Amino acid sequence: MNRLFEIKELDKKVYEEELRDFLPEKIIDIHTHSWLDEFMGVDEEEEKRAVTWTSLVAKDNSIEDLFETYRLMFPDKEVTPLIFSFPNLQLDLASGNQYCSHATQSHHCHALLVSVPEWSAAEYRSKLLAGNFVGGKVYLNYAPRSIAQNDIGIFDFIPHHQLSVLDELGAILMLHIPRAARLKDSDNIREMLEIADKYPHIRVIIAHIGRAYCNEDLGNALELLQAAKSFYYDFSANTNAYVMSELLKAVGAKRVLFGSDLPILRMRMRRICENGHYVNLVPPGLYGDVSGDKNMREVSPEEGEGMTFFMYEELLAFKQAASQLALTKDDINDVFYGNADRLLQEVDTGLRGLRS
Ligand SMILES: [Zn+2]
């Protein structure tokens, strides 16, 4: 076993028989987290003592581990990532951002700045430029504590004055949308359309296809979002072939991007939907006690033996969608490489003159 995670015969078989020839030689992973465990706070003792299943998948993901993961999972491909820190309230924000910024100097990768809404426009702009970032990653956990989880709107964690900065810079916004109804939520859709309308130069990437993990999460969102002609969608941490094919039908192959959401994608699992809610089925014992998590469920040891990586499950789902729609080799190359490569080059070119 290598020092990161076990690779079984089953995993090799899935890769060699299903994925190797399907995937292009060069891949850009547009959605990856990289951070070190030492950036996590030590003050909240109780939190630290409780071993959660996510930390059993990976307690951190150094830039070296990330590249090693690609080498292990895609032995004959060249994968480069767009990285950002782990948006967790216990993680020291400045250390996480600085780590990703430094990684862009030492490794072949790009990075996004994880931000809090309290930063002024000037602060946000100077942090983006000084750190060599190509845009921002925002997360609902950074919305003011006074707002209840289900009431958090997009502008609570990426306020208008910061959107104006991204628009002026023509930078990327990696947007993980809030709210329990996910992509189909009418408030989410209204706010997304407002961003497309008011800030046409932001390169918006809707993460995880707007968290539409089950068929029921789509509603008529893709139809309404047609108006947001510049949006990209990454299918990171999504294993739903139907959702992927509906997305491809709605926006075409030029606005769909491969993303992983590593390191969580190292997990062994298979995802099902029950009454519109997703459940990650996992091998027994592998991720500690998951009984308290309604999105996790253990299966029998026999069934667990047949489980491969979340990463491969995501890719198998995309392959299924691609074959249903008869995507060409060029389309597939665009989704895994070309679209992201053009996007990053355009953003980089626009920012180059401003950084010095
Ligand atoms: Zn993520």
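Residue numbering for the sequence shown follows my numbering, starting at 103 and increasing by one per position.
Glycine included, C-beta positions come from ideal geometry on N, C-alpha and C.
The model shown is predicted, which means the values in this text are computed figures rather than measured ones.
Assign residue i to one of three DSSP states: helix, strand, or coil.
i	result
Glu-325	helix
Ile-256	helix
His-209	coil
Ile-274	strand
Asp-162	coil
Lys-239	strand
Lys-286	helix
Glu-108	coil
Trp-221	coil
Ile-279	coil
Ile-129	strand
His-262	helix
Ala-122	The sequence given here places Arg at residue 122; Ala does not occur at that position. Note: Arg-122 maps to coil in three-state DSSP.
Leu-174	helix
Ile-434	helix
Leu-268	helix
Leu-247	In the sequence on display, residue 247 carries Arg and not Leu. Of the three classes helix, strand and coil, the one that applies to Arg-247 here is coil, per DSSP.
His-303	coil
Thr-134	strand
Leu-184	strand
Leu-231	helix
Leu-429	coil
Leu-168	helix
Leu-320	coil
Leu-191	coil
Leu-215	strand
Rounded to the nearest angstrom, what separates residue i and residue j at their Cα positions?
i	j	result
Trp-221	Gly-237	15 angstroms
Leu-168	Arg-105	12 angstroms
Thr-154	Ala-419	27 angstroms
Leu-320	Ser-288	11 angstroms
Glu-407	Pro-385	7 angstroms
Ser-203	Asp-450	14 angstroms
Leu-277	His-212	17 angstroms
Gln-200	Tyr-226	14 angstroms
Tyr-380	Arg-454	42 angstroms
Leu-174	Lys-300	43 angstroms
Thr-182	Phe-107	20 angstroms
Leu-326	Gly-387	43 angstroms
Ile-254	Tyr-244	10 angstroms
Met-461	Arg-373	Summary: the structure shown does not reach residue 461, with the chain confined to residues 103 through 458, and so no result is reported for it.
His-209	Ile-165	8 angstroms
Glu-444	Ala-283	It is worth fixing the name first, because residue 444 is Arg in this sequence and not Glu. So the two alpha carbons sit approximately 32 angstroms from each other.
Asp-391	Ala-224	45 angstroms
Glu-405	Met-142	35 angstroms
Thr-171	Arg-122	16 angstroms
His-56	Glu-118	The chain is shown only over 103 to 458; residue 56 falls outside these bounds and no answer can be derived.
Asp-258	Gln-251	11 angstroms
Ser-425	Pro-261	40 angstroms
From the beta carbon of residue i, is the nearest beta carbon of chain C less than 8 angstroms away?
i	result
Arg-457	Included in the structure is just one protein chain, with no chain C present.
Using beta-carbon positions only, say whether residue i and residue j come within less than 8 angstroms of one another.
i	j	result
Leu-359	Met-371	no
Leu-350	Ala-423	yes
Asn-184	Trp-137	The displayed chain sequence assigns Leu, not Asn, to residue 184. No, these two residues do not count as a Cβ contact at 8 angstroms.
Gly-363	His-133	Sequence check: residue 363 is Asp here, not Gly. Yes.
Leu-231	Ile-274	no
His-459	Ser-217	In this structure the chain extends from 103 to 458, so residue 459 is not present and cannot be described.
Val-345	Ile-311	yes
Tyr-414	Asp-113	yes
Pro-365	Asn-163	yes
Tyr-389	Leu-158	yes
Ala-298	Val-306	yes
Pro-280	Ile-256	yes
Leu-271	Gly-452	yes
Glu-49	Thr-341	Because the chain here runs from 103 to 458, residue 49 falls outside it and cannot be looked at.
Leu-427	Ser-347	yes
Pro-126	Asn-435	yes
Lys-421	Phe-124	yes
Ala-309	Lys-286	no
Val-116	Thr-430	no
Ile-109	Lys-179	no
Buried or exposed: where does residue i fall if 16 or more other Cβ atoms within 10 Å of its Cβ makes it buried?
i	result
Gly-361	buried
Glu-111	exposed
Gln-207	exposed
Glu-376	exposed
Gln-264	buried
Gly-480	Residue 480 lies beyond the residue range present for the chain, which begins at 103 and ends at 458; the question has no answer from this structure.
Asn-317	exposed
Leu-456	exposed
Give, in chain order, every unbroken run of the beta strand (DSSP E) that is at least 3 residues long and sits entirely within the stretch 334 to 416. 334 to 336, 372 to 376, 379 to 384 and 398 to 400
Taking 6 angstroms as the limit, tell me which residues put their C-beta closer than that to any heavy atom of ligand 3, in chain order. Although ligand 3 was asked about, the structure shown includes only ligand 1 as ligands.
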